[in-house]
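Quick note: to get this note's numbering, add 5 to the position in the sequence shown (first position is 1).
Glycine residues also receive a C-beta, built at the ideal position from the N, C-alpha and C atoms.
Following: one structure in structure tokens, then a few remarks.
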Amino acid sequence: MALDQGGHLSHGSPVSFSGKIYHFEPYFVDETTGVLDMDSVRERALEFRPKMIVAGYSSYPRILDFAAFAEIAREVEALLLVDMAHFAGLVAGGAHPSPVPHADFVSFTAHKTMRGPWGGVILCRAEHADQIDKAACPNIQGGPQMHAIAAKAVMFQQCAQPAFREYAHAVVTNAKAMAAGLMRRGLELTTGGTDNHLMVIDLRPMGLRGRAVQAAFDEVGVTVNANAFPGHGGTPYNPNGIRLGSPSVTSRGMGEPEMDEIAGLVARMLGGFDDPAVRAEVSESSRALCRRFPLPYRGVSTG
Ligand SMILES: Cc1ncc(COP(=O)(O)O)c(C=O)c1O
């Protein structure tokens, strides 16, 4: 999935190792709906007959059709890799379909919705296990980082708890509430909403650009990320969109009323972007909201 369509740098961008070592051909979303067009994915696959198809995103607010990807991969005799870096925690918590039954390989980062340490995990069919193990060690790995391995074990233990299921479902409910709150206030979201944990606001109607907006939001205590979206017309370094997500605020215990409050702050900021009084007001409100929901420290105390 091309970078400006919601894909990730590591999926073949020419400035990433992936695009230097491998020959990637991108597939696209429908420019009017912003939704991934599986007919065009199939056409691209038939045209290029790749050895592997990569499915996954860093900025796409809908659920991927893993069965359709698998069918296309079978048709062109390609392997299927699903990079679920973003939504692995939702899958673990049963709030999102799993790609595991469909894919030959499934990879994910441990530090996003899984709420684990910095690191990654690769799942694969048994027939590929030996090759994958060797590709990690001795191919690229020096010594094992036991602290990260121990932290991944804790992460998996936490993901297996009922509380994590609640968390994963709340992430999706909260994202939908935040998206609804933004749209009710007149903001345009790519694909018109979300089915997962993230959403992308189109800044073009306000004549704003992503980098300045990201920096201004940082100042007022609201973390957003400048992000491209299909047909946005900006540059990769200064795109016309911002991406927001619900996982971290959900971890703090916030629910749907707070999502609406956040949507109100975002809309207020974008509506009065150059007004220092607006920034001061949003800053105060965002900090007050965070104070009401302090970061939970549920880990073992080190004394
Ligand atoms: C789809 C996808 N794959 C891979 C990565 C890279 O993860 P890491 O943080 O391990 O470099 C990201 C992170 O942004 C991502 O969104």
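Item                                                                                                                                   : Value
Straight-line gap, residue 58 to residue 291 (C-alpha atoms, nearest Å)                                                                : 42 Å
Among 150, 111, 179 and 142, the one whose alpha carbon lies nearest that of residue 123                                               : 150
Segment contact flag, the region 131-140 with the region 164-173, C-beta cutoff 8 Å, min 3 pairs                                       : no
Contacts around residue 145, its chain only, beta-carbon distance under 8 Å, and the 5 residues preceding and following it disregarded : none
Distance, residue 285 Cα to residue 308 Cα                                                                                             : In this predicted model, residue 308 has a pLDDT of only 38, less than 50, meaning its place in the structure is not dependable; the value taken from the coordinates is given anyway. Rounded to whole angstroms, residue 308 to residue 285 spans 38 Å at the Cα level.
Where residue 228 falls, given that 16 or more other Cβ within 10 Å makes a residue buried                                             : exposed
Contact under 8 Å by Cβ, residue 6 with residue 62                                                                                     : yes
Alpha carbon of residue 217 to alpha carbon of residue 251, nearest angstrom                                                           : 22 Å
Identity of the residue in 212, 231 and 40 nearest residue 220 by Cα                                                                   : 231
Proximity test, residue 237 beta-carbon vs ligand 1 heavy atom, cut-off 7 Å                                                            : no
Option nearest residue 117 by Cα separation, candidates 208, 48, 271 and 89                                                            : 89
Backbone CA spacing between residue 263 and residue 49 [nearest angstrom]                                                              : 42 Å
C-alpha distance - residue 245 paired with residue 10, whole-angstrom precision                                                        : 12 Å
Sufficient close CB pairs (3 or more, under 8 Å) joining the region 62-72 to the region 97-113                                         : yes
Reference residue 29; option with closest CA among 209, 203, 56 and 212                                                                : 56
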